[in-house]
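Going by this note's numbering, 38 is the number at position 57 of the sequence shown; the sequence numbering is gapless.
As structure tokens, the structure follows; a few thoughts come after it.
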Amino acid sequence: MSPFLLVVAALSASSAAAHEASPPREGRFDNGPGPVSQWFRIAGEPSATPIIFLHGGPGQGSQTFQASVGPAIEQFATVVYYDQRGSGRSQRPSDPDLYSIPILLLDIDVLRNHLGADRVILLGHSFGSILALEYAATHPDRVAGLILTGAVPDMPATMKALCDRLRREDPPAHARTVAAAGGEGCQPFAAYDDARRKEWIEEAMFPDPATARQVEEWDNAQGLGNTGEMGNALFGKGLLEYRFNRPDRLTMPVLFIDGALDHQTTEDPQRQLAAQVANGAFLSYPRAGHFPFVDEPARFARDVRLFMEQIGAGDE
């Protein structure tokens, strides 16, 4: 059993001493190429190491995390909600040359510097897990811990799982994906037209359709919904071929939180990576889909707190 899971098993319900939270504050920083103006918000209790939330999408923004589990985590940690370039309240340039994984990693480092934090905890969801993994592997000395949820460390494995699901559940749709790939492999997103594709993806991510509607409402509040600039650029640059291949660089504790009912991502690559890193742990939420922090927010917040206590990154 990993050190984290031993902590979960042994820790009592006692809480750390309370601190008076600082008022939330919003800010912006500019970073090139572009430069692109990017938004962040700092909220919550003072903690030794801030948590930077890296949202998915690409291009989703931090709205759903802020509206769901964020306030619970703010009760014991400093949370930095960050909208990546092309997302949320940040600037959304149309030039695809202004988007790449290396550019996004540099943005994170500029934000960390702007915060004055020597080290941070990165909490990455879905596409944000790729950024968290790559930043931590590039700058292990600047990351105290990783929390990855709905993670995609192996995109080809994820695509294969989607193809296998189509083969089982809708053979004619699977045949269309094989044809779209020219008979070699399959292109799962070619299975359906736009409207049905959206339904199929939501069925894979959300055990409860009401949760899908709630996430869509949060994502699109105040006109902040995903308009596709970042996603179009990154998918055009081979994002679907991404594999994380530097587990030896992850010297910090790494916690995977997976939704057992998430059929949009793949469990096995997450379990395998958790076993490969020096201090990895894997948790599965049996009632959760692709958004465990929406499906089971109280448990998610508790596990984040336990993780912070384990790595000594809790209250100041």
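In this text, a Cβ means the ideal position worked out from N, Cα and C, and glycines have one as well.
Bear in mind that the values here come from a model prediction, so they are computed numbers and not experimental data.
Legend entry - DSSP state of Leu79 mapped onto helix, strand, coil: helix
Inset, instruction - Just list the alpha helix (DSSP H) runs in the segment 192 to 236, keeping only unbroken ones of 4 residues or longer that don't cross its boundaries, in chain order. - result: 210 to 217
Inset, instruction - Go to Tyr116, then tell me how far its alpha helix (DSSP H) extends in each direction, as first and last residue. - result: Phe108 to Thr119
Inset, instruction - Please name the residue in Glu26, Trp20, Gln245 and Ser3 whose C-alpha comes closest to that of Ala142. - result: Gln245
Inset, instruction - Return yes when at least one heavy atom of the ligand GTP lies under 8 Å from the C-beta of Tyr173, else no. - result: Absent from the structure shown: the ligand GTP. Ligands present: none.
Inset, instruction - Give the range of the alpha helix (DSSP H) segment to which Val143 is assigned. - result: Sequence check: residue 143 is Leu here, not Val. Residues Met136 to Glu150.
Inset, instruction - Inspect the beta-carbon positions of Ile82 and Leu236 and report whether they are closer than 9 Å. - result: no
Inset, instruction - Answer yes or no: do Ile23 and Tyr62 have a C-beta to C-beta separation smaller than 9 Å? - result: yes
Inset, instruction - Within the segment -9 to 75, note down every full alpha helix (DSSP H) run reaching 4 residues or more, in order along the chain. - result: 44 to 48 and 51 to 54
Legend entry - Simplified DSSP assignment, three categories, for Asp88: helix
Inset, instruction - Could you work out which residue in Pro74, Pro267, Phe288 and Ala255 is closest to Leu114 when comparing CA atoms only? - result: Ala255
Inset, instruction - Please list, in chain order, all residues of the same chain as Pro169 whose beta carbon is under 7 Å from its beta carbon, the five residues on each side excluded. - result: Met140, Leu143, Cys144, Leu147 and Thr158
Legend entry - Given Gly126 as reference, the closest of Gly109, Arg100, Thr119 and His106 once Cα atoms are compared: Arg100
Inset, instruction - Could you have a look at Asp189 and say whether DSSP puts it in helix, strand or coil? - result: coil
Inset, instruction - Output yes or no for whether 9 Å exceeds the beta carbon distance between Arg349 and Glu277. - result: Past the boundaries of the shown model lies residue 349; the chain is included only from -18 to 297, so the question cannot be answered.
Inset, instruction - Please list, in chain order, all residues of the same chain as Val258 whose beta carbon is under 7 Å from its beta carbon, the five residues on each side excluded. - result: Pro228, Leu231 and Val235
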